[in-house]
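Step one of this worksheet: look at the structure below.
Protein chains: 2
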Amino acid sequence: MAVTLKELGRLAGVHPSTVARVINDDPHQRVSEELRQRILALADEHGYQPNRLARSLRTKRSNVIGALIPDISNPFFALMFRGIEDALAERDYSVILANTDDDSARGERGITMLRERQVDGLILATARRHDRAVQQLIAEHFPVVLLNRHTDPIPPNAVVPADYTGSMTAVEYLIGLGHQRIAHIAGSDEMSTGHTRRQGYRDALERHRIPFDPDLLVGGSFRDQGGYEAMQQLLTLSIPPTAVFAVNDLAAAGAMRAANEAGMVIPHDLSVIGFNDLSTVAQTTPRLTTLHLPVHAMGVKAAERLLAQLLGERGFVEPAILPVTLYVRDSTGPAPAPRE
Amino acid sequence: MAVTLKELGRLAGVHPSTVARVINDDPHQRVSEELRQRILALADEHGYQPNRLARSLRTKRSNVIGALIPDISNPFFALMFRGIEDALAERDYSVILANTDDDSARGERGITMLRERQVDGLILATARRHDRAVQQLIAEHFPVVLLNRHTDPIPPNAVVPADYTGSMTAVEYLIGLGHQRIAHIAGSDEMSTGHTRRQGYRDALERHRIPFDPDLLVGGSFRDQGGYEAMQQLLTLSIPPTAVFAVNDLAAAGAMRAANEAGMVIPHDLSVIGFNDLSTVAQTTPRLTTLHLPVHAMGVKAAERLLAQLLGERGFVEPAILPVTLYVRDSTGPAPAPRE
DNA sequence: ATCTTGAGCGCAATCGTTCGTGCTAAGTGA
DNA sequence: TCACTTAGCACGAACGATTGCGCTCAAGAT
Numbered sequence: 198m199a200v201t202l203k204e205l206g207r208l209a210g211v212h213p214s215t216v217a218r219v220i221n222d223d224p225h226q227r228v229s230e231e232l233r234q235r236i237l238a239l240a241d242e243h244g245y246q247p248n249r250l251a252r253s254l255r256t257k258r259s260n261v262i263g264a265l266i267p268d269i270s271n272p273f274f275a276l277m278f279r280g281i282e283d284a285l286a287e288r289d290y291s292v293i294l295a296n297t298d299d300d301s302a303r304g305e306r307g308i309t310m311l312r313e314r315q316v317d318g319l320i321l322a323t324a325r326r327h328d329r330a331v332q333q334l335i336a337e338h339f340p341v342v343l344l345n346r347h348t349d350p351i352p353p354n355a356v357v358p359a360d361y362t363g364s365m366t367a368v369e370y371l372i373g374l375g376h377q378r379i380a381h382i383a384g385s386d387e388m389s390t391g392h393t394r395r396q397g398y399r400d401a402l403e404r405h406r407i408p409f410d411p412d413l414l415v416g417g418s419f420r421d422q423g424g425y426e427a428m429q430q431l432l433t434l435s436i437p438p439t440a441v442f443a444v445n446d447l448a449a450a451g452a453m454r455a456a457n458e459a460g461m462v463i464p465h466d467l468s469v470i471g472f473n474d475l476s477t478v479a480q481t482t483p484r485l486t487t488l489h490l491p492v493h494a495m496g497v498k499a500a501e502r503l504l505a506q507l508l509g510e511r512g513f514v515e516p517a518i519l520p521v522t523l524y525v526r527d528s529t530g531p532a533p534a535p536r537e
Numbered sequence: 198m199a200v201t202l203k204e205l206g207r208l209a210g211v212h213p214s215t216v217a218r219v220i221n222d223d224p225h226q227r228v229s230e231e232l233r234q235r236i237l238a239l240a241d242e243h244g245y246q247p248n249r250l251a252r253s254l255r256t257k258r259s260n261v262i263g264a265l266i267p268d269i270s271n272p273f274f275a276l277m278f279r280g281i282e283d284a285l286a287e288r289d290y291s292v293i294l295a296n297t298d299d300d301s302a303r304g305e306r307g308i309t310m311l312r313e314r315q316v317d318g319l320i321l322a323t324a325r326r327h328d329r330a331v332q333q334l335i336a337e338h339f340p341v342v343l344l345n346r347h348t349d350p351i352p353p354n355a356v357v358p359a360d361y362t363g364s365m366t367a368v369e370y371l372i373g374l375g376h377q378r379i380a381h382i383a384g385s386d387e388m389s390t391g392h393t394r395r396q397g398y399r400d401a402l403e404r405h406r407i408p409f410d411p412d413l414l415v416g417g418s419f420r421d422q423g424g425y426e427a428m429q430q431l432l433t434l435s436i437p438p439t440a441v442f443a444v445n446d447l448a449a450a451g452a453m454r455a456a457n458e459a460g461m462v463i464p465h466d467l468s469v470i471g472f473n474d475l476s477t478v479a480q481t482t483p484r485l486t487t488l489h490l491p492v493h494a495m496g497v498k499a500a501e502r503l504l505a506q507l508l509g510e511r512g513f514v515e516p517a518i519l520p521v522t523l524y525v526r527d528s529t530g531p532a533p534a535p536r537e
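Put into structure tokens, the structure is as follows:
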């Protein structure tokens, strides 16, 4: 079925290389217009499709990039990945995706697998703050972009959200509403997102002279169930919080679910604020107040930065920090009057 | 950096082919144990990584499959895709994903691109009921599995949900609750899912002698916004429905949002039922009654069927129809007493 | 009439692997 | 001792494309 250049050459009575030149319309070498048309017609007639593997073997460029994603079934990463694919597809690149479930062994296997497949570069959304494998990659000067999470200290090839100012904004907003007992449902401290948002939370409290209460710092997961359990834990406190800032929308949704089940009314009894603004998740009732992040655009930017590296442009000097903006909706409100 | 077989051969003083045999530990040919160890050590020392492109070129098997997905940022497809990747990864296959946004031109470009990259097979979650490109592929005997949606008539290589019995179950459940004015927020009729669920809806009504009212059949999109607008349209009716069966959870969530905004209380004023049971979507308040579908397992099964084809097993005679089960939660209730 | 020039194409090496075939030496049986 | 097997490896042709180089021949220059 699949015709090759060689066969086309035989059919046209010319050397395969000549066919190659017309297919790729080689700018340097020239082929007579008549022959050119004849070959084009022949290629069309036989439905010639170039074998990209062979081409890549020869040119040493696969036009494929690898993406390491914690879990594509997480809508956050799905949307981000969509951004990656959109940006790559229109430039004739393809993506191979591997899920890691935040398991470093799976991550490393993913990296070797992708390199064996000769990907031109990697986009890693899986980096831990101290990630040997990733640091190794960077040291080798292998083309890499760190997406969403970065290693410490933040390298220039990172594309991440403004975690610190974002969580600072969220907490200060809650303080402005009169809240004093503000909890944080945190993400894993091994990831820059979890770590930095936690840091922003603490610094915001400190700036406003609100003493830090370790009981109000709970969690350690980025998922719905984690938020649910963390909220349950918060509700057992003798003085429960009046507001909670969750590390992301998923955890926020889980927290709202737990609060609802405990008979609390949001935002009357409890204010909840999330992070990311995922459309499928933030449309809870009441609608979630959250920090909006251009998730799709982040994916796009990561892909573009990677492609820029591949085109040999000198590496970026600074990481891309994407702005987050507070979207006030219905899950937050003034602090309830203290009981007497 | 990257060492090749040839270089390893030179270093070990043997022919590259010998190195190849020990790397792939060729079962037929034999290499002396001592040489074998020496080569293995050398490969390890230089961090040899096989070039999979070269291998594929030679063996004519890329161990890559292509997946055509309408939109990976849709949590339904994301979860399904996760199933695909899980099943493939553990068998040393990788996936290249392309989004089509249900645009047939993009679909066809996707197919050619994937074939140029020499994928061993394709999983298509994008098939329309009358899809020339897909039918062409099947006619060519190119290894293909149709996932979620199938062409008409349903081919043996399809892995799809029990759309008909599912929607029949949903509507009969609503009828059992006393509902008579039951609306359907439908999906596109070009897709088997939209078409078949619509058919089940109509047949269920007919079986129970409920006259079909064209005003109650609305929509045509699978997305949240579509459900929202369809519900708004239903609310303008002089006699609005007391129950709505949505083609999927996303549309159901949109419908609930519209109903809420119109001041209706679910399930008291309106019952809503979805399809798919997506964890991130179905956790609305009230929790969505829906038809549960083993979405992840569907992806897994599609991948397994494709691999079975690749291993030359005789094609399946029958399509895989995955069972759906009604999960009754809080968004459905008895029909409100007719006003007097 | 000879030289130059360049258009138009062919040649062959190469990318990194795989694998059928063939060669050599040591071991076996009669 | 002599064919004969077999273990252990080398050889080289693929796979399908790319690309620098070189060849040929007609047209223009001198």
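In order, the protein sequence lines correspond to chains G and F. Position one of the first sequence corresponds to residue 198 (the numbering used here), numbered consecutively onward. Position one of the second sequence corresponds to residue 198 (the numbering used here), numbered consecutively onward. Yeah, the Cβ is synthetic: ideal placement off N, Cα and C, and Gly gets one too. Remember, predicted model here, so these are calculated numbers, not experimental data.
Which residues in the same chain as residue i place their Cβ atom closer than 6 Å to its Cβ, once the five residues preceding and following it in sequence are excluded?
i	result
Gly206/G	His212, Pro213, Val216
Ala295/G	Leu265, Gly307
Glu230/F	none
Gln429/G	Ala455
Could you tell me which of the options sits nearest to residue i, measuring between CA atoms?
i	options	result
Val444/F	Phe409/F, Arg235/F, Leu490/F	Leu490/F
Met495/F	Val341/F, Met388/F, Gly280/F, Pro533/F	Gly280/F
Ala456/G	Leu503/G, Leu432/G, Glu231/G	Leu432/G
Ile262/G	Leu371/G, Gly530/G, Ala505/G	Ala505/G
Leu508/F	Val200/F, Arg258/F, Gly210/F, Val219/F	Arg258/F
Val521/G	Glu501/G, Ala209/G, Leu475/G, Ala532/G	Leu475/G
Ala450/G	Pro352/G, Ala275/G, Ser468/G	Ser468/G
Ala240/F	Lys203/F, Leu276/F, Asp223/F	Lys203/F
Phe409/G	Phe419/G, Ser418/G, Arg420/G, Arg395/G	Arg395/G
Quick check: what's the CA-CA separation for residue i versus residue j?
i	j	result
Asn473/F	Arg233/F	53 Å
Pro438/F	Phe278/F	35 Å
Asp268/F	Gly244/F	38 Å
Tyr554/G	Ser270/F	Within the shown structure, residues of chain G are numbered from 198 to 537, placing residue 554/G beyond reach of any answer.
Asp446/G	Ala401/G	20 Å
Ala251/G	Arg255/F	9 Å
Thr366/G	Glu387/F	47 Å
Leu519/F	His493/F	11 Å
Ser364/F	Arg404/F	13 Å
Arg406/G	Arg378/F	59 Å
Ala479/G	Leu485/G	5 Å
Gln422/G	Met461/G	18 Å
Thr481/F	Ser253/G	48 Å
His225/G	Tyr290/F	39 Å
Val483/F	Glu282/F	According to the sequence provided, residue 483/F is Pro. The question's Val does not apply to it. Taking the straight line from one Cα to the other gives about 33 Å.
Val441/G	Ala427/F	35 Å
Pro531/F	Tyr398/G	46 Å
Glu537/F	Ser435/F	Confidence in Glu537/F is poor, its pLDDT being 48 and thus under 50, which makes the residue's placement too unreliable to answer from.
Asn248/F	Gly210/F	21 Å
His465/F	Ala534/F	10 Å
Glu337/G	Gln246/F	15 Å
Ala275/F	Thr477/F	12 Å
Just to confirm my understanding: we take residue i, look at its own chain, exclude 5 residues before and 5 after, and list those with CB closer than 7 Å. What are they?
i	result
Thr393/G	Asp360, Tyr361
Lys498/F	Val356, Ala517
Val228/F	Thr215, Arg218, Val219
Asp317/G	Arg258, Ser259, Asn260, Val261, Ile262, Pro340, Leu507
Name, in chain order, the residues that DSSP records as bridge partners for residue i.
i	result
Pro358/F	Leu519/F
Tyr524/F	Thr487/F
Asn296/G	Ile266/G
Ala443/G	Ile382/G
Leu413/F	In DSSP, Leu413/F forms no bridge with anything.
Ile320/F	Ala264/F, Val342/F
Ser152/F	Outside the displayed range of chain F (198 to 537) lies residue 152/F, so it cannot be described from this structure.
Kindly examine the ligand ZN and report whether one of its heavy atoms sits closer than 8 Å to the Cβ of residue i.
i	result
Pro224/F	Ligands in the displayed structure: none, and consequently the ligand ZN is not present.
Take residue i and list the residues in its own chain whose beta-carbon comes closer than 8 Å to its own, dropping the five residues that flank it on each side.
i	result
Leu285/G	Ile262, Ser291, Val292, Ala500, Leu504
Pro352/F	Ile335, Leu343, Pro516
- prompt: Is there contact here, the region 309 to 329 of chain F with the region 339 to 358 of chain F, by at least three beta-carbon pairs under 8 Å?
  reply: Taking 8 Å as the limit for Cβ pairs, the verdict is that the region 339 to 358 of chain F does touch the region 309 to 329 of chain F.
field: Touch test, the region 294 to 303 of chain F against the region 301 to 311 of chain G, Cβ-Cβ under 8 Å, three pairs minimum
entry: Contact between the region 294 to 303 of chain F and the region 301 to 311 of chain G is absent, because fewer than three Cβ pairs lie under 8 Å.
message: Does the region 375 to 383 of chain F come into contact with the region 413 to 423 of chain F, if we say contact requires no fewer than three beta-carbon pairs (one atom in each stretch) closer than 8 Å?
response: Segments in contact, yes.
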